[in-house]
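Participant:
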Amino acid sequence: GSSLAASATRTTASPAARGLRRALVAVQFAVAIPLLVAAGLLGRSLHHIEAQGPGFDTERVVSMTVALPPAGFPDPPDIRGFWSELLPRLEALPGVAAAGIADARPPMRYGGGNNFVLEGQPTGAGAPQAQSPWITASPGFLEVLDVGVLEGRTFAPTADTMRHAVVDEAWADRYVADGSPVGLRFRSGGCTIDGCPWVEIVGVVESVKTTGFDHPDMGVIYYDFLRDSYARMHLHLRTTRDPMAVVPAVRELVRERDPAIPVDDVRTAAQLTDELVVGRRTTGALLGLLALLALALSAVGIYGAMATLVRQRMRETGIRIALGAAPGRALGEVVSDGLKVAAAGTALGIVGAVLLTRTLGGLLYEVTPLDPLVFGAVGAVTLLVAGVATAIPGRRAAATDPAATLRED
Numbered sequence: 027g028s029s030l031a032a033s034a035t036r037t038t039a040s041p042a043a044r045g046l047r048r049a050l051v052a053v054q055f056a057v058a059i060p061l062l063v064a065a066g067l068l069g070r071s072l073h074h075i076e077a078q079g080p081g082f083d084t085e086r087v088v089s090m091t092v093a094l095p096p097a098g099f100p101d102p103p104d105i106r107g108f109w110s111e112l113l114p115r116l117e118a119l120p121g122v123a124a125a126g127i128a129d130a131r132p133p134m135r136y137g138g139g140n141n142f143v144l145e146g147q148p149t150g151a152g153a154p155q156a157q158s159p160w161i162t163a164s165p166g167f168l169e170v171l172d173v174g175v176l177e178g179r180t181f182a183p184t185a186d187t188m189r190h191a192v193v194d195e196a197w198a199d200r201y202v203a204d205g206s207p208v209g210l211r212f213r214s215g216g217c218t219i220d221g222c223p224w225v226e227i228v229g230v231v232e233s234v235k236t237t238g239f240d241h242p243d244m245g246v247i248y249y250d251f252l253r254d255s256y257a258r259m260h261l262h263l264r265t266t267r268d269p270m271a272v273v274p275a276v277r278e279l280v281r282e283r284d285p286a287i288p289v290d291d292v293r294t295a296a297q298l299t300d301e302l303v304v305g306r307r308t309t310g311a312l313l314g315l316l317a318l319l320a321l322a323l324s325a326v327g328i329y330g331a332m333a334t335l336v337r338q339r340m341r342e343t344g345i346r347i348a349l350g351a352a353p354g355r356a357l358g359e360v361v362s363d364g365l366k367v368a369a370a371g372t373a374l375g376i377v378g379a380v381l382l383t384r385t386l387g388g389l390l391y392e393v394t395p396l397d398p399l400v401f402g403a404v405g406a407v408t409l410l411v412a413g414v415a416t417a418i419p420g421r422r423a424a425a426t427d428p429a430a431t432l433r434e435d
């Protein structure tokens with residue numbers, strides 16, 4: 027009896043050493059949790075971004091920047107004349123389905139915008155005026171993007187006394203709650219004096235991304251290039267074959283007109299789309315890799331701690347089984363012990379994750395920093411990994427041979 031009692035209480039490590047080992051394992055889990063949560067939030071954001079897309083078919087669309095030198099094109103009529111002559115020739119090239127120009131380059135973020143006042147909806151005293159991006163474009167630009175006309179029409183020759191504009195669906199939803207925006211008029215940029223020209227909305231088109239992928243659509247106003255002519259524009263082409271294959275012929279046409287005109291920054295719409303998400307993909311992948319590595323180290327740590335515990339308690343476990351205790355009870359005790367350590371680390375890690383995710387706000391899209399799905403999934407996966415890692419040494423404890431244990435003693 028005294029021999030059994032001595033065997034049952036014999037240990038190979040002090041309680042302080044075991045406590046320190048468990049604390050270190052808990053810290054490993056606490057480090058892994060914020061990384062897993064951050065990776066999950068960025069992953070969900072990327073999924074939302076890629077699911078929404080740029081709003082137009084990027085296949086076989088190419089764009090480039092054309093800046094007309096002031097020496098050769100000093101005035102707006104010179105600029106308009108250049109494009110009025112060139113665009114039909116570009117559309118006649120083999121492999122070109124449509125050609126247009128704009129000072130925007132979807133889906134890249136457009137920096138130009140202005141405030142406006144809708145007729146019959148004056149802005150209250152001290153209140154900010156409504157504001158949205160204003161894109162200058164030729165009718166061919168909307169054809170290149172293949173956006174549908176939902177109401178009214180796009181640009182057409184109009185009298186100089188009236189300016190016309192086209193808005194997109196997001197603008198209509200945002201600023202015209204009831205009815206159609208077609209026929210409404212607005213004044214631009216705080217210009218509210220009598221005699222200031224009104225701009226009439228003549229059509230509504232489908233929305234495309236002009237605010238990048240990580241900002242909500244603000245609604246867009248399209249102006250006819252013939253009304254606002256800029257020297258630096260983006261030329262857009264939709265082709266019937268590889269879009270890059272038509273670029274040499276485009277350069278040649280421009281060179282024929284004036285060898286001093288640069289044609290720069292040639293990229294397909296698919297390349298532009300990838301550029302907007304490549305940073306997110308890389309960041310998410312690296313963070314995910316670090317998170318999985320941290321979780322793996324946590325699993326190894328808790329496995330090692332529980333395996334050591336099982337070895338230290340081998341005699342005690344064998345004696346208890348010899349005295350009639352069920353082997354499954356030994357397994358349950360080891361798993362329970364390990365899950366307590368993992369749960370403590372997980373709780374600490376979730377607190378750390380809550381603090382960390384506050385810094386991710388600018389990187390998240392249509393996902394809240396405290397997204398319950400991500401936090402719940404991370405907590406569940408962590409405890410599942412901990413359960414598996416502790417079950418392996420736990421089964422070894424349950425399989426202890428009492429006779430062999432007593433013989434060793």
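Per our numbering, the very first residue in the sequence shown carries number 27; after that it's consecutive.
Idealized CB from N, CA, C, for every residue including glycine.
Measure the CB-CB distance between residue 131 and residue 298 and report whether it falls below 8 Å.
Facilitator: Contact flag set, yes.
Participant: Tell me whether residue 159 sits in a helix, a strand or coil according to DSSP, three-state version.
Facilitator: strand
Participant: Which residues share a DSSP beta bridge with residue 168?
Facilitator: Its beta-bridge partners do not exist; DSSP assigns none.
Participant: Given this structure, state the Cα-to-Cα distance separating residue 333 from residue 412, to the nearest angstrom.
Facilitator: Computed Cα separation, rounded: 13 Å.
Participant: Considering only C-alpha positions, which residue in the set 65, 397, 362 and 119 is nearest to residue 419?
Facilitator: 362
Participant: Going straight from the alpha carbon of residue 30 to that of residue 386, what length do you get?
Facilitator: Annotation note: pLDDT 42 at residue 30 (below 50); position unreliable, coordinate value reported separately. When rounded, the distance between both Cα atoms is 58 Å.
Participant: Among the residues of its own chain, which have a CB less than 6 Å from the CB of residue 47, if the five just before and after it don't count?
Facilitator: 331
Participant: Does the region 237-249 come close enough to the region 86-105 to have 3 or more Cβ pairs within less than 8 Å?
Facilitator: no
Participant: With DSSP collapsed to three states, give me the class of residue 251.
Facilitator: coil
Participant: Going by C-alpha distance, which of 225, 226 and 246 is nearest residue 449?
Facilitator: Residue 449 cannot be examined here, being either before or after the span of the chain that is shown, 27 to 435.
Participant: If you run the structure through DSSP and keep just helix, strand and coil, what is residue 375?
Facilitator: Under the three-state reduction of DSSP, residue 375 is assigned to helix.
Participant: May I have the straight-line CA-CA distance separating residue 399 from residue 65, to the nearest angstrom?
Facilitator: 13 Å
Participant: Pull up the DSSP beta-bridge partners for residue 93, would you.
Facilitator: 258
Participant: Between the region 285-304 and the region 66-84, do at least 3 Cβ pairs fall closer than 8 Å?
Facilitator: Contact between the region 285-304 and the region 66-84 is established, with three or more Cβ pairs separated by less than 8 Å.
Participant: Looking at C-alpha atoms only, which residue of 262, 258, 323 and 191 is the closest neighbour of residue 287?
Facilitator: 258
Participant: Which of helix, strand or coil does DSSP assign to residue 99?
Facilitator: coil
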